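Since the structure comes first, as structure tokens, the remarks are kept for the end.
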Amino acid sequence: MATDSSHELLVTLGRILDRLHRIDGVLWQAVWTPEEALFVAQNLLGLYEQVDTAFQWIHPDASIEEILGVPAAMRGTPVAEHADHPGWDFGPWVAEKLTQLKQATRRLVQTYGVQSTGSTPSDVSTEAASLQHQLYRDWTVAEHYAHVVYDQIYEGHLHLDS
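For what it's worth, my numbering labels the leading residue of the sequence shown as 4, then goes sequentially.
Below you can see the structure in the form of structure tokens.
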């Protein structure tokens, strides 16, 4: 049975993967219609929001304990435990994967912004090809890291407690 933290992160990662798969076909086109550009922009915004939600597992917003000044040693810290390695804290492993996911998503949004504001969308120059390659690379990295953590939780190997 998944813990609440595991379930919440699993659902969030599922939403991230859904957003990535929605834009999969449109993102690789050399020319976007205004509707397609809006579709990609809306999904990238939603993707970034979901990645921020997943990232909250590592760096949660200030809790009531922090606000009231409870020492860090007395507050609960997120713990990730792997079924194959009981007693080991896999929190840093999850943190590294979610950090890579967030960085790839940030680059994806930035590259899309450069690509979509270019002077001529049908320009097939070296710069346009380079931007397409960057979009593909960042999309692939984001999907990979989302899948890695999602699969570990879904298959019951990784249990999260906060």
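Even glycine gets a Cβ: it sits at the ideal position worked out from N, Cα and C. On a predicted model such as this, the values are computed, not experimentally measured, just so you know.
Give the C-beta separation of residue i and residue j to the nearest angstrom, bearing in mind that I take them to be a contact with Cβ-Cβ under 8 Å.
i, j, result
"Tyr-148", "Leu-20", "Their Cβ separation, rounded to whole angstroms, is 11 Å, which puts Tyr-148 and Leu-20 out of contact at 8 Å."
"Leu-138", "Leu-163", "Not really, about 31 Å apart at Cβ, beyond 8 Å."
"Glu-146", "Leu-23", "5 Å"
Have a look at residue i and residue j and give me their C-alpha separation to the nearest angstrom.
i, j, result
"Ile-26", "Leu-13", "20 Å"
"Thr-56", "Leu-104", "12 Å"
"Thr-114", "Leu-16", "22 Å"
"Thr-108", "Val-54", "8 Å"
"Ser-125", "Gln-32", "With a pLDDT of only 48 at Ser-125, under the threshold of 50, the placement of this residue in the model should not be trusted; the figure read from the coordinates follows. Ser-125 and Gln-32: Cα-Cα distance of roughly 10 Å."
"Leu-48", "Val-82", "29 Å"
"Val-34", "Val-144", "23 Å"
"Pro-95", "Ala-86", "16 Å"
"Ala-166", "Ser-8", "Given a span of 4 to 165 for the chain in the structure shown, any question on residue 166 remains unanswerable."
"Phe-42", "Val-117", "16 Å"
"Tyr-157", "Asp-92", "18 Å"
"Leu-161", "Pro-89", "10 Å"
"Thr-102", "Glu-11", "17 Å"
"Ser-122", "His-136", "With a pLDDT of 43 at Ser-122, under the threshold of 50, the modelled position of this residue cannot be trusted; read the value that follows with caution. Answer to the nearest angstrom: the Cα atoms are 18 Å apart."
In the DSSP assignment, find the alpha helix (DSSP H) that holds residue i and state where it starts and stops.
i, result
"Val-54", "37-58"
I need the DSSP call for residue i, collapsed to helix, strand or coil.
i, result
"Val-144", "helix"
"His-160", "coil"
"Val-14", "helix"
What are the boundary residues of the beta strand (DSSP E) that residue i is part of?
i, result
"Val-34", "Note, Val-34: premise wrong, no beta strand (DSSP E); not H, not E."
"His-85", "82-85"
Got a sec: does the ligand GTP put a non-hydrogen atom nearer than 6 Å to the Cβ of residue i?
i, result
"Ala-40", "This structure simply doesn't include the ligand GTP, nor any ligand for that matter."
With burial defined as no fewer than 16 other Cβ atoms inside 10 Å of the residue's Cβ, what is the status of residue i: buried or exposed?
i, result
"Gln-45", "exposed"
"Met-4", "In this prediction, Met-4 scores a pLDDT of 42, lower than 50, which makes its location untrustworthy; no coordinate-derived value is stated."
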